[in-house]
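The opening residue of the sequence shown carries number 1 in the working numbering; numbering runs sequentially from there. For each residue, glycine too, the CB sits at the ideal point set by N, CA and C. Computed from a predicted model, the values in this text were never measured in an experiment. Working notes, beginning with the structure itself.
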Amino acid sequence: MNSDAQPTSTCSSHADCLVIGGGAIGLSLAYELATHGLSVTLLDKGEIGKAASWAGAGLLPPATIGAAVEPQEQLRALSHQLHAEWSVRLREETGIDNEYERSGGYYLARKVGEAAALSTMVSQWTEEGIAVERISSEELHARVPDLAPELKARSAYHLPDEAIVRNPRHLQALRQACSQRGVTFVDHVEAVDFQLAGDRITAVTTNQGSVTADKYCIAAGAWSQRLTDALLAQVGFTHAAKTPDIEPIRGQMLLLDAGERFFTAPLNEGPRYLVPRRDGLVLVGSTVEEAGFDCSTTNEIARELREFACQLLPRLETAEIRQSWAGLRPASIDGIPYIGAMPGIANAYVAAGHFRSGLHLSPGTAVLLGRLIREVEVEFDLSPFRVDRS
1 MNSDAQPTST CSSHADCLVI GGGAIGLSLA YELATHGLSV TLLDKGEIGK AASWAGAGLL
61 PPATIGAAVE PQEQLRALSH QLHAEWSVRL REETGIDNEY ERSGGYYLAR KVGEAAALST
121 MVSQWTEEGI AVERISSEEL HARVPDLAPE LKARSAYHLP DEAIVRNPRH LQALRQACSQ
181 RGVTFVDHVE AVDFQLAGDR ITAVTTNQGS VTADKYCIAA GAWSQRLTDA LLAQVGFTHA
241 AKTPDIEPIR GQMLLLDAGE RFFTAPLNEG PRYLVPRRDG LVLVGSTVEE AGFDCSTTNE
301 IARELREFAC QLLPRLETAE IRQSWAGLRP ASIDGIPYIG AMPGIANAYV AAGHFRSGLH
361 LSPGTAVLLG RLIREVEVEF DLSPFRVDRS
């Protein structure tokens with residue numbers, strides 16, 4: 001877009017940083033930047049605090065900072081530690097309890113193939129210094145008495161350091177904390193293009209005008225690539241160098257009301273899981289579907305999820321279906337999120353492609369990228385996450 005164009009402004013205040021995307025990543029980054037005194041505008045094409053972040057189960061698999069070797073596991077370990085700290089801080093600041101708890105988690109396999117896959121996961125956990133306990137099928141039943149009596153686990157493990165958080169309340173707490181720090185929210189406004197002067201963004205063009213800031217960060221989840229493509233096209237970044245490659249992956253969920261909480265730790269089998277809430281609600285997930293940007297749910301999947309839940313816990317057969325929904329997870333082509341500066345643009349950054357770990361990795365991503373944006377030394381190797389990695 002011509003840098004001389006002057007659309008009507010949709011936000012009158014000029015910010016130190018404009019964050020595009022109001023999910024867990026965007027809200028966490030806004031919170032981190034505002035905590036360090038920056039003025040922040042947070043823009044989202046829908047309602048801030050919704051989309052995939054809201055739709056997730058809030059599972060926080062453990063990781064150990066001292067033992068993590070791979071960069072993504074180091075990020076996971078940092079985030080796992082920060083979740084505990086942020087949950088306390090957010091509750092103190094806002095009065096909102098995100099229901100974070102170190103619940104532990106059970107992983108089981110009934111089929112040979114699933115048992116083999118689980119064995120591989122256990123080897124990885126052990127290498128990364130994660131506490132894991134192998135238990136017998138009988139011990140699993142003793143610890144989770146409401147498991148189906150006929151359920152025979154070929155293998156079962158307990159991860160004592162797994163944690164859970166209630167996504168909607170965590171996002172509500174983040175939004176409230178951001179508001180208390182003066183973050184400007186621009187809901188239901190879509191970023192569509194960028195205005196540039198040389199190698200710098202001067203404004204973001206939206207469907208309702210323009211928004212200006214000194215620095216800009218794209219954290220729009222599954223919609224991030226549309227924005228990075230639009231931006232990079234303007235600076236002629238069309239050669240063979242790697243550019244962000246993010247695809248939407250649909251995940252459908254089911255919410256059951258059991259009336260009261262009768263199990264306390266998540267039950268994981270393959271890609272599916274049951275997550276208990278304190279008020280008796282049970283989250284059942286999830287699917288991994290390439291459905292483009294279709295965020296609808298299907299009756300077939302709802303039936304499959306309910307059957308899975310009842311196979312594990314027959315007590316859920318009488319549970320009322322409260323809701324079903326789907327979220328679009330942003331999957332990078334190599335499974336590693338993009339965190340860092342945009343190539344060819346002096347004042348643009350990206351935090352996207354976290355797939356199923358957006359909420360889990362959000363505090364670590366926010367702290368590290370926040371330091372980069374504030375031009376403070378980052379004592380963490382972000383090169384594996386760079387936008388133009390090969």
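Does DSSP put residue i in a helix, in a strand, or in coil?
i, result
"V387", "coil"
"L27", "helix"
"M342", "coil"
"V88", "helix"
"G280", "coil"
"V204", "strand"
"N430", "With the chain represented from 1 up to 390, any question about residue 430 goes unanswered, as that position is not in the structure."
"D4", "Only weak support is given to the placement of D4: the predicted model assigns it a pLDDT of 34, under 50, and the value that follows is read from those uncertain coordinates. The answer is coil: DSSP assigns D4 none of H, G, I, E or B."
"H80", "helix"
"G221", "helix"
"E73", "helix"
"R322", "strand"
On a Cα-Cα basis, can you pick out the residue from the options that is closest to residue i?
i, options, result
"A258", "L59, T318, F355", "T318"
"R374", "S13, L33, A233", "L33"
"G21", "E47, P168, F194", "E47"
"L391", "L368, E377, V387, V183", "The first residue shown for the chain is 1 and the last is 390, placing residue 391 beyond what the model contains."
"P71", "S383, R389, T94", "S383"
"S155", "R166, I164, P168, L140", "L140"
"R389", "Q124, P337, A309", "P337"
"L254", "L305, N268, R278", "L305"
"D381", "Q74, A233, L42", "Q74"
"A177", "E93, I339, G198", "E93"
"V189", "R169, R181, V211", "V211"
"V204", "S103, T120, W223, L227", "L227"
"I96", "Q172, G280, F355", "Q172"
Would residue i and residue j be called neighbours here (beta carbons separated by less than 7 Å)?
i, j, result
"G129", "A67", "yes"
"Q252", "A326", "yes"
"L328", "C295", "yes"
"Y273", "L18", "no"
"G358", "I25", "yes"
"L174", "L27", "yes"
"P271", "E162", "no"
"L421", "F194", "Outside the displayed range of the chain (1 to 390) lies residue 421, so it cannot be described from this structure."
"A219", "A351", "yes"
"F385", "I339", "yes"
For residue i, collect the residues of the same chain with a Cβ closer than 6 Å to its Cβ; drop the 5 residues on either side in sequence, then sort them by chain order.
i, result
"W86", "P363"
"V144", "F263"
"A348", "I201, Y216, M342"
"E379", "none"
"A131", "P160, D161"
"E247", "A331"
"H14", "T212"
Which residues does DSSP pair with residue i in a beta bridge?
i, result
"R250", "E289, L328"
"Q124", "Paired residues: none, contrary to the question."
"H354", "A331"
"G105", "L159"
"G209", "T206"
For residue i, which residues of its own chain have a beta-carbon under 7 Å away from its beta-carbon, when the five flanking residues on both sides are left out?
i, result
"Q311", "A148"
"I333", "D245"
Answer with yes or no whether the minimum CB distance from residue i to chain B is below 7 Å.
i, result
"F355", "In the structure shown, chain B cannot be found, because there is only a single protein chain."
Does any heavy atom of the ligand GTP sit closer than 6 Å to the C-beta of residue i?
i, result
"L42", "Looking for the ligand GTP in the displayed structure turns up nothing, as the structure carries no ligands at all."
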